[in-house]
Every structure is written in structure tokens, then in C-alpha cells.
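To keep things clear, I will list the structure first and then write my remarks on it.
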């Protein structure tokens, strides 16, 4: 019960610290001098450690509060979703994709280590994510739940999820996408991994019943969309220093955004209504869902 | 027992047919006109279907003969290793890596679909591989074995396995690698996925005991190394038409090979001694291991 009443900043700081040390332990060390794998492992650590808001691991841990999951299992599940996120950023930044040189205020992986190694970094981080899912077994998760989590993460990361959303994004550059198609793209590109974060966290404990799962899915749909709407707003409002990546990039690339579709005020209103919808979905869970509610606020009210 | 006495060409033709139809079913369809995911899914199918020797699925099925695994489970495990292999070829062929334009006699994926989509194809195929591992559950594999298989595939594909081997390969271009380092590279780059094919196939049935596992690992070590030695020999001997990819590429790139290290005759002798070592490791299993023995022969005696 201690966790349920700690102020959010304390709780999130603790989750971030434990996530950081779990990622640190999962990522291979850079070894002794002459270790032929050292360049790859150094670049993987560069891509993952000491950066990022860790929104996905926070969602994993918050969902685990509802189902009484163990901290150890949640740590591994949190690493899994963060590693998928990290790999997607490495590949997305490459010259053949967004060609970004700055990420979290540092040179992107391909700038720092070359394109070939950057591709391998992404590939290896994806594999490590599934290694982390398997490691939830040692955190007391039932084997059949671990298999479910593997399947769900594969779908969320793959061609009907995140990778599919990126492919739609590619095809959409320079085209005017309908609002329906834009939402479909973001549901895959960003929403799928946010949703699976909640699912993995919940599955680390006592599996939710169908009614509970439907409420959690509705929460995820609202938060996933809000996340993207706020990203689009920040892309217009923020400067590059605050954002830690190149600002105004999407507008420059003539990519459709919620701001171009609804205007700045319209996009802000949409984000707020989605935040309220997320809270409504959580209401039946009572205080156990407080962390998920606080994360909805964090996602909508963030400044970067 | 029927399977145990069918001639090898019949057995392998049946495995190849069932692998092809399982891959076909696992890969998402290209859907209706206007499906925004159609380009990605079409490119994924192009990368995987109708091509390749399917050595890894054959190893999966052959190993499953020893442990009495179900055909359904072996099909999914075979798809898993083949999908990892297919993704690695797509990424390896890209301009920032080997910059190959021809694969299995067809334009490589990035030539046919562009670099950005090729990267996403590889990423999505890796996710789908783990989806296939999870699907062995429906083939009757114990959940805890599915988790073991997930962990083993992640290690074999990741930074201490295949991706790590490729990173060493990158760093080795233009350098003279010691024979020890060359073997370490190939053990990761090619050997890890061949080894995990045998492990996954065996784990689909009654798990091998430690003594049996040690014998299978020795078989894999011999076959994995032989595979690479023969690749190097063929790269020198064969012309581009027979090979279905650009011949002489490694020598041109000044990459160290077994031929440059041992000469053509020396490399051929090494391959043959590895083939015999593979057969010795299988001897204690008796006739149940006949298929693995035949695959060792296939790998060493192939002409492309």
C-alpha cells in the first residue's frame, strides 16, 4: 500500500531508477579490450541508457499496480517495451528514414557510430526485447502468460503494429491523409506500443477479466491518440532545445499532423478531451488505477 | 515410422512444402485495394516466399524427429528461424551493409521497394519470428518450453549471436582476422541460427537430457562451421548464375575467408572433416538422427 499513496514524482522516480538499472543489467557490457563485440555493445548502450522519458515502462508499472504484479516481472516487461521503443528510434533516425542527426540532445546513433552499426543496434535491441519478455518468467509470471506477452509484443511491434504505422507514414509524405487514415497510422505507429505496455504490465500479475481488459483498452486508445496529438502540438510550439530533437520536422516534411488538420487550438482541445476519456475508463478500478490516471495527465500536460 | 524410412528427397520436399504454406499463412495478406499496409506486406512476402534453401526449417524438423515433436509445432518453429534468416538477408543486402542488388536471382528488397521500406520489412519479419515461436503453444509445446525457445531465439538472433557476428564482420573488412576470430565471427553470424534451429526443433518435443543436448550442440558446431567454409568455397568456385547472388563478393571486399586462410583444397578438406564430425556426434542417437545426418551431407555437398 506504500506505493499506492506515495506522491507521483516519488513513485515515478523510483520506477525510472529501477528501469535504468534493469536496462543496464540486460544490455551486454562492453567487455575487455579486444572484445570484438565491444563496438556493437557500446552503441547499444548509447542508444538506450541515460535518455528518454520512459513513458512505456511507467505504463507497465502503473498497470501492474492494478493486477498485483511483482516488481521483478514489471522491470523486465518495462525493459522489453523500452527496448522496442529504443530500436525504433535508432532505425527511424537513419538517413533512409527521417535522416535525423539529433535525438535527446545527442548525435543520433548512425551519426555517432555509422549507418551499418546503427542498423545492427536496432536489430539487436529488438531481439533483446523478446529476451526481456522471456525473463519475466523468473519474476513469477505464469509461463502461459509469458507466451501471451510474447505474442502481444510481437503484434504491437510488427507489421500490423508499430512497423506498419511507420510504413503508412512513409507512404503518406506529401499526401493529404484523411483523419481516419491519420488515426489508423498513429494507432499503429505509437498507440500499439503504449497499449501493449499496459497489457504486459497487467499480464505480469493476475490477468484482467474481459470487462477490465475492455476498460484498459479504452484507456490505452485515448492515451495513445493523445500522445500523438500532443507530439504534434509540441512539434509546432517547442524549440529544438526543449524538445531534444529537431523541432518543426514533420511540418517541414509535409507530413499530415493534428495541428494541420485541426489547428493548434483544436488539437489542444482534442488532447484534453482524450485525457478526460482516459480518466473515465479508469474510474471503475478505483484507487488502484491512480497511477495510470496520473500518467494520462503526464502524457497530455508534458512540455517535451 | 513412415517418416523415418522415406528417402531424403521425399522427406525434404514435404518439409519444404509445409514450410512454404506455413510461411504463407503467417505472413499478412496484401488485402483489399486501398489497404495502407499493402506495400509493407507485399514487400515482406517478396522477401520470404518462393526462394531460399530453407536449411534452417529442415534442421528444425530433423531435430524434432529425435524428440517426437508434433508437425504443427515444428512448422511454427521452422517459420520462426526462417523469418529471422530472411530479415537478416534484407538488412544485410542494404547499401549501408553489403550493398547487394541480387538475391536468389531477383532484385534485393531495397532495390525493388526502396531502402526505407526494406528496413521496415526486416524489422517486421523479426517481430513475426517471435510471433511464430509463441504459436508453437498451439502445436502442443509446453508453455515453459515456449519461453525457453523465445529466450534461445533472442540470444541466437541478437548481439551475442547473429547480429554480433555481423558487427564483427563489419569491423573486419580490410583487416586480417586470426583464424580464432574468424571462427568466433562465423559461430555467431551463421552458426548461432543453425544451432538454435536444432534446439528449437528438439524443444518442440520431449526436451533432450544434458548428454543428448551436448551431442546435438557438437553436431551444430560442426555443421555451422562447415556451412560457412562451404559458402567461402562456393563464393570462389561458382558463377553468379548458379549462386543466385553476386559471386566473388567477399574476396572483392577483402573480407577474410576460409579459402584465403587455408587455400581452396584446405577449405574443402576442413568441410569434409566437419561433416564426419557431425556424423560422429549423431551416432549415439541411432536411426532417429538419420535426417540430421543427411542434412550435414546436404550442407557440405551442396553446389549453391
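Chains as they are written, first to last, in the numbering used here: chain A, 47 to 350; chain B, 47 to 350.
Beta carbons are placed, not taken as given, at the ideal position from N, Cα and C, and that holds for glycine.
CB contact below 8 Å: residue 88/B versus chain A: False, the Cβ-Cβ gap to chain A never drops below 8 Å.
Amino acids of chain B, ordered along the chain, whose beta-carbon sits closer than 9 Å to that of residue 169/A: Residues of chain B with a Cβ closer than 9 Å to the Cβ of residue 169/A are, in chain order, 133, 134, 137, 168, 169, 172, 203, 204, 205, 208, 209 and 212.
Cβ contact check for the segment 230 to 248 of chain B and the segment 189 to 204 of chain B: 3 or more pairs under 8 Å: When Cβ pairs closer than 8 Å are counted between the two stretches, the segment 230 to 248 of chain B is seen to touch the segment 189 to 204 of chain B, the count reaching three or more.
Distance, residue 245/B Cα to residue 181/B Cα: For residue 181/B and residue 245/B, the gap between their C-alpha atoms comes out near 16 Å.
Near-chain A residues of the segment 239 to 251 of chain B - C-beta to any C-beta below 9 Å: Going along the segment 239 to 251 of chain B in chain order, one finds no residue with a Cβ nearer than 9 Å to chain A.
Segment limits, alpha helix (DSSP H) that includes residue 336/B: Residue 336/B -> alpha helix (DSSP H) spans 336 to 347.
Chain-ordered neighbours of residue 180/B on chain A, where CB pairs are closer than 7 Å: Here the neighbours are 193, 196, 197 and 200.
Any C-beta of chain B under 8 Å from that of residue 230/A: Yes - at least one Cβ of chain B is within 8 Å of the one on residue 230/A.
Where the alpha helix (DSSP H) containing residue 318/B begins and where it ends: For residue 318/B, the enclosing alpha helix (DSSP H) begins and ends at 304 to 328.
Whether residue 97/A touches residue 136/A by CB criterion (8 Å): No.
Proximity test, Cβ basis, 8 Å: residue 142/B and chain A: Residue 142/B belongs to the set of residues whose beta carbon lies under 8 Å from a beta carbon in chain A.
Range of the contiguous alpha helix (DSSP H) that encloses residue 140/A: Looking at the DSSP string, residue 140/A is not in any alpha helix (DSSP H), and its letter there is neither H nor E.
Contact check, residue 125/A vs residue 185/A, beta carbons under 8 Å: Contact annotation: residue 125/A and residue 185/A have beta-carbon atoms that are not nearer than 8 Å.
C-beta contact flag for residue 77/A and residue 69/A at 8 Å: Result no, Cβ atoms of residue 77/A and residue 69/A do not sit closer than 8 Å.
Proximal residues of chain A, C-beta to C-beta of residue 157/B below 8 Å: Under the 8 Å cutoff, chain A gives no residues; its nearest Cβ is about 13 Å from residue 157/B.
Backbone CA spacing between residue 171/B and residue 90/B [nearest angstrom]: Taken atom to atom, the span from the alpha-carbon of residue 171/B to that of residue 90/B is near 7 Å.
Residues bridged to residue 148/A (per DSSP): Under DSSP, residue 148/A forms a beta bridge with 153/A.
Any 3 or more C-beta pairs closer than 8 Å across the segment 315 to 331 of chain A and the segment 250 to 266 of chain A: With the rule of 3 Cβ pairs closer than 8 Å, the segment 315 to 331 of chain A counts as touching the segment 250 to 266 of chain A.
Environment of residue 343/A [buried if 16+ CB atoms lie within 10 Å]: By the Cβ-count criterion, residue 343/A is exposed, with fewer than 16 other Cβ atoms from all chains shown falling within 10 Å of its own Cβ.
7 Å CB neighbourhood of residue 147/A in its chain, flanking five on each side removed: In chain order, 153, 154 and 157 place their CB closer than 7 Å to the CB of residue 147/A, counting only its own chain and leaving out the 5 sequence neighbours on each side.
Contact under 8 Å by Cβ, residue 115/A with residue 247/A: Taking 8 Å as the Cβ cut-off, residue 115/A and residue 247/A qualify as a contacting pair.
CA-to-CA distance, residue 106/B to residue 194/A, given in whole angstroms: If you draw a straight line from the Cα of residue 194/A to the Cα of residue 106/B, it comes to about 23 Å.
Coil, strand or helix - residue 91/B by DSSP: The three-state reading of DSSP puts residue 91/B in helix, counting H, G and I together.
CA-to-CA distance, residue 345/A to residue 58/A, given in whole angstroms: Looking at the two C-alpha atoms, the distance is approximately 13 Å.
Under 7 Å from the C-beta of residue 162/A: neighbouring residues of chain B: Here the neighbours are 142, 143 and 216.
Short Cβ contact (8 Å threshold) for residue 262/B with residue 232/B: Contact: no.
C-beta contact flag for residue 129/A and residue 174/A at 8 Å: It is a contact, given that the beta carbons lie within the stated cut-off.
CA nearest to the CA of residue 348/A, picked from 284/A, 243/A, 303/A and 309/A: With distances taken between Cα atoms, residue 348/A lies closest to 284/A.
Interface residues of chain B facing residue 54/A [CB-CB closer than 8 Å]: Simply none; closest approach about 33 Å.
Residue 204/B - DSSP class collapsed to helix/strand/coil: Residue 204/B: coil per DSSP, three-state reduction.
DSSP state of residue 221/A mapped onto helix, strand, coil: Secondary structure of residue 221/A (DSSP, three-state): coil.
Cβ shell of residue 207/A (< 6 Å), same chain only, five flanking positions each side left out: Within the same chain, residue 207/A has close Cβ partners 201, 234 and 238.
heavy atom of the ligand PLP below 7 Å from residue 248/B C-beta: What this structure holds is no ligand at all, so the ligand PLP is not there to describe.
Three-way DSSP call (helix, strand, coil) for residue 243/B in this model: Residue 243/B: helix per DSSP, three-state reduction.
9 Å Cβ cut-off: residues of chain B touching residue 227/A: Under a criterion of Cβ atoms nearer than 9 Å, the residues of chain B adjacent to residue 227/A are, in order, 82.
Assigned secondary structure, residue 250/A (DSSP; H/G/I helix, E/B strand, else coil): Residue 250/A: coil per DSSP, three-state reduction.
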